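Each protein sequence line maps, in turn, to chains C and V.
If you count the first sequence from 1, position 48 lands on 47 in numbering that gives the first Met the number 0, and the numbers rise without skipping.
If you count the second sequence from 1, position 49 lands on 48 in numbering that gives the first Met the number 0, and the numbers rise without skipping.
See structure below.
Protein chains: 2
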Amino acid sequence: MAGPLTVGVVAETAPGERRVALVPKLAARLIGRGLRVVVEPGAGRKAGLPDELFTAVGAELGAESSCGDAADSRRSDIVLTVTPPSEEDIARLPAGTVLIGFLDPLGDPARVEALERAGITALAVESIPRVSRAQAMDALSSQANVSGYRAALLAAQLSPRFFPMLTTAAGTVPPATVLVLGAGVAGLQALATAKRLGARATGYDVRPEVAEQVRSVGAQWLDLGIEAIGDGGYARELTDDERAQQQRRLTEAIAGFDVVITTALVPGRTAPTLVTAEAVRGMRPASVVVDLAGATGGNCELTEPGENVDVGGVTISSPLNLPAGMPLHASELYARNLVELIELLVDSEGRFAIDPADEIVAGACVAGLPEEVA
Amino acid sequence: MAGPLTVGVVAETAPGERRVALVPKLAARLIGRGLRVVVEPGAGRKAGLPDELFTAVGAELGAESSCGDAADSRRSDIVLTVTPPSEEDIARLPAGTVLIGFLDPLGDPARVEALERAGITALAVESIPRVSRAQAMDALSSQANVSGYRAALLAAQLSPRFFPMLTTAAGTVPPATVLVLGAGVAGLQALATAKRLGARATGYDVRPEVAEQVRSVGAQWLDLGIEAIGDGGYARELTDDERAQQQRRLTEAIAGFDVVITTALVPGRTAPTLVTAEAVRGMRPASVVVDLAGATGGNCELTEPGENVDVGGVTISSPLNLPAGMPLHASELYARNLVELIELLVDSEGRFAIDPADEIVAGACVAGLPEEVA
């Protein structure tokens, strides 16, 4: 009989990445279910989680690499990662490994093909279907929560204004006005955070049914009179006419705000332009744009991905990995998502029990037929 | 008859300084009172206030320097500055100029002597007495409000944790715990901002009478059982025994917090040590200390002024000029303070009417007898 399944935790190597795919208290939960947990040395260090915290709950430290490296006696059956594996990483994974993490299947199909060729069963958290059973596994949402919160903090830090109204003996400073474009999880969290800080927050989305959610966090709804509802809760792409009309009205509206935070993403597609160069020119000096869509081209026409630029006194900031800036809680939320998914894959004895017909498994699995694992 | 008094606005040259001593809408107020306002070109640029906004309200742009330079025909009777003038700046000021700004009279008495020798009437905003008539001129308070707000934002940005409690489908993240040491204007604003962001905020001060103010912003009061009330609303220095007892109890308390923000300043003195090296060692990894007292040695023993340092996973940040990071509103609040003071110095014809017996004038004036001006 084989021993219990081993779960390996990768030390992330992507530049600027500070998250880790498992945290000690969730390692303890897996160990409590009879699994072994092997953590690559230093994997949690940048998240404020030194190795001792992992070994204290019974996790082991990998000798060299726990990422399924054949040279490591403790090669893992399940490998957890935050960022997608490089070609080298994939070459080191033995066939039959179950890999779970952000794998960017729509953005980088070549990687998925490489995983398929290597005989890896790859479960992409991006591909978990948005069904209620899978809510606790929704890593896109958990990390979007972090992004939205950090985006509002970043905007407050970049703005030369107070977000809250301030009353002093010499008079009153009015609250900052913040417009958030895109009212998904990140947008709603950005609205809620700006509102908490005391700003006047306003939300906009092409899906009119989210107006109620925008209002529920205390923000106002910006009604431009254009609707575009698509599949899976995402916005569909607008027609050319709709887009032109939207941009004209948005450009007018944007001029009235001190801060604009954009969060409009269409999976696997270039981000829609919502803030044109003309709109930026219409903003007052000392205004701020924070664009969360920089990795897929940006929602602002003048965004330079990963940079802060000054255009006529308007600061345009394009942070590329906001969750990495808050690695402890971002990792904890992510690890909860992964552990929920792992618990769907193993039985009470700590052995694989993968149901390839399960819609969550079938949806998440972007390479390697689950039938081969079961 | 002489023409109306001229108020000159300096373009700040201190490294990192982005504030300006007057903003357009308050320039308009002075002009409305019959004064001329001359702004050094570019003075407001880094605060998001281009020259056009000043000229639009009737201010003039200085030909070379409006800082009283004798070579400038538009030499000013009253010169407004944010940061203290350099030796060179002082050499360029004609005798008889009234200089108003942060002049650091306690920290740099040599500068005050140089101003005296140069025949400048120097009004230091730090020396304005804390009487109710002078509340609207209280630049220390207005800038401390900015510092406290920015300190809480900085702490939130440095912390790898959410400040608010977050409830997700995969579970709940508890709110961050924030301890603010020193409950003056900056401390209270830091508490209020941390609380707004959703953290559990706790305040401490050696003056027990501020407990009520701490509670009024929604924070808890940390009672260590040590009191030290001094003159002018500042804390007196503690005795050695009191200090030892305070540090022991504080060190124990600090270990329980995710974030510590220190704001304990004693004017003209080295800042008291409140967070010892031992206390930092007692904090959990991924904790954060933001020390606002870095310019006078720091409240944390391991502070390196102007730097972010990592000590065993604890980040210690010592920002030196937080108001400069929010230059638009910091400048606006500061300008209101200065305009209130100027209005005390001029009559309804826009001419000097300085009453040397006025307690505000007498207190603020650190060089140059006002009798000579009147």
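Heads up, the beta-carbon is just placed ideally off N, CA and C, and yes, glycines get one too.
Please read all numbers here as calculations on a predicted model, not as lab measurements.
Under 7 Å by beta carbon: chain A residues contacting residue i
{"i": "Asp137(C)", "result": "As a matter of chain content, chain A is missing from the structure shown, whose protein chains are C and V."}
Counterpart residues of residue i in DSSP-defined beta bridges
{"i": "Phe351(V)", "result": "Val345(V)"}
{"i": "Glu59(C)", "result": "Val37(C)"}
{"i": "Gly186(V)", "result": "Gly186(V) pairs with nothing; no bridge assigned."}
{"i": "Ala123(C)", "result": "Gly100(C)"}
{"i": "Val375(C)", "result": "This structure cannot speak to residue 375(C), because chain C is shown only from 0 to 373."}
{"i": "Asp50(V)", "result": "None; Asp50(V) has no bridge partner."}
{"i": "Ala366(C)", "result": "Ala121(C)"}
Endpoints, the beta strand (DSSP E) within which residue i is located
{"i": "Ser426(C)", "result": "The first residue shown for chain C is 0 and the last is 373, placing residue 426(C) beyond what the model contains."}
{"i": "Gly170(V)", "result": "Gly170 to Val172"}
{"i": "Asn307(C)", "result": "Asn307 to Val310"}
{"i": "Ile77(C)", "result": "Ile77 to Leu79"}
{"i": "Val145(V)", "result": "Unbroken run through Val145(V) is the alpha helix (DSSP H), Ala138 to Leu157; no beta strand (DSSP E)."}
{"i": "Gly100(C)", "result": "Val97 to Gly100"}
{"i": "Gly7(V)", "result": "Thr5 to Val8"}
{"i": "Val274(V)", "result": "Note, Val274(V): premise wrong, no beta strand (DSSP E); not H, not E."}
{"i": "Val265(C)", "result": "Note, Val265(C): premise wrong, no beta strand (DSSP E); not H, not E."}
{"i": "Val420(V)", "result": "In this structure chain V extends from 0 to 373, so residue 420(V) is not present and cannot be described."}
Run of the alpha helix (DSSP H) containing residue i, from where it starts to where it stops
{"i": "Ile89(C)", "result": "Glu86 to Arg91"}
{"i": "Ala363(V)", "result": "Glu358 to Ala363"}
{"i": "Ala42(V)", "result": "No alpha helix (DSSP H) holds Ala42(V); DSSP gives it neither H nor E."}
{"i": "Arg111(C)", "result": "Position check: residue 111(C) holds Val in this sequence, whereas Arg was assumed. Note, Val111(C): alpha helix (DSSP H), Pro108 to Arg116."}
{"i": "Leu25(C)", "result": "Pro23 to Gly31"}
{"i": "Leu167(C)", "result": "The question names Leu, but residue 167(C) in the sequence shown is Thr. Taken as a continuous stretch (DSSP letters only), Thr167(C) belongs to no alpha helix (DSSP H), being part of the beta strand (DSSP E) at Leu165 to Thr167."}
Check: Looking at chain C, which residues of the region 278-291 of chain V have a Cβ within less than 7 Å of any of its Cβ atoms?
Finding: Pro284 and Ala285
task: Say whether the region 149-163 of chain C touches the region 101-111 of chain C, bearing in mind that this needs 3 or more beta-carbon pairs closer than 8 Å, one atom from each stretch.
output: no
- Message: Tell me which residues of the region 311-326 of chain C have at least one Cβ-Cβ distance to chain V shorter than 7 Å, keeping chain order.
- Response: Gly312, Met325 and Pro326
Does the contact criterion of 3 or more C-beta pairs under 8 Å hold for the region 287-301 of chain V versus the region 353-370 of chain C? no
Residues of the region 187-199 of chain C with a CB closer than 7 Å to any CB of chain V: list them in chain order, please. Arg195, Leu196 and Gly197
Considering only residues of the region 196-254 of chain V, which uninterrupted beta strand (DSSP E) runs meet the minimum length of 3 residues and lie entirely inside it, listed in chain order? 199-203
Contact residues within the region 37-51 of chain V, judged by C-beta distance below 7 Å to chain C:
Ala46, Gly47 and Pro49
To be precise: take each residue of the region 325-350 of chain C, compare its Cβ to all Cβ atoms of chain V, and keep it if any distance is under 7 Å. Which residues remain?
Met325, Pro326, Leu327, His328, Glu331, Leu332, Arg335, Asn336 and Glu339
Quick check: the region 154-167 of chain V against the region 246-262 of chain V, are at least 3 beta-carbon pairs closer than 8 Å? yes
> Just by C-beta distance, which residues in the region 114-147 of chain V are closer than 8 Å to chain C?
Replying inline: Gln134, Ala135, Met136, Asp137, Ser140, Ser141, Asn144 and Val145
Item to complete: Mind the definition here: the region 182-193 of chain C touches the region 164-174 of chain C only if three or more C-beta pairs lie below 8 Å; say whether that holds.
Response: no
- Anything in the region 207-219 of chain V with a Cβ closer than 9 Å to a Cβ of chain C? List those residues in chain order, please. none
Members of the region 157-181 of chain V that neighbour chain C once the beta carbon cut-off is set at 8 Å:
Ser158, Pro159, Arg160, Phe161, Pro163, Leu165, Thr167, Ala168, Ala169, Gly170 and Val172
- Identify each residue in the region 93-106 of chain C for which the Cβ-Cβ distance to at least one residue of chain V is less than 7 Å, and report them in chain order. none
For the structure I just gave you, are there three or more beta carbon pairs, one from the region 267-283 of chain C and one from the region 13-21 of chain V, closer than 8 Å? no
* Specify whether the region 80-87 of chain C and the region 42-61 of chain C touch according to this definition: at least 3 beta carbon pairs, one from each stretch, less than 8 Å apart. => no
Along the region 233-261 of chain V, where does the CB come closer than 7 Å to a CB of chain C? Name the residues. none
Quick one: any contact between the region 208-220 of chain C and the region 234-253 of chain C, if contact means 3 or more CB pairs under 8 Å? no
* Asked: Using 8 Å as the threshold, is the region 31-41 of chain C in touch with the region 337-352 of chain C, meaning 3 or more CB pairs across them?
  -> yes
### Query
Between the region 126-145 of chain V and the region 96-105 of chain C, are three or more C-beta pairs nearer than 8 Å?
no
For this session: Count the C-beta pairs between the region 138-148 of chain V and the region 323-337 of chain V that are closer than 8 Å, then say yes if the count reaches three, no if not.
Result: yes
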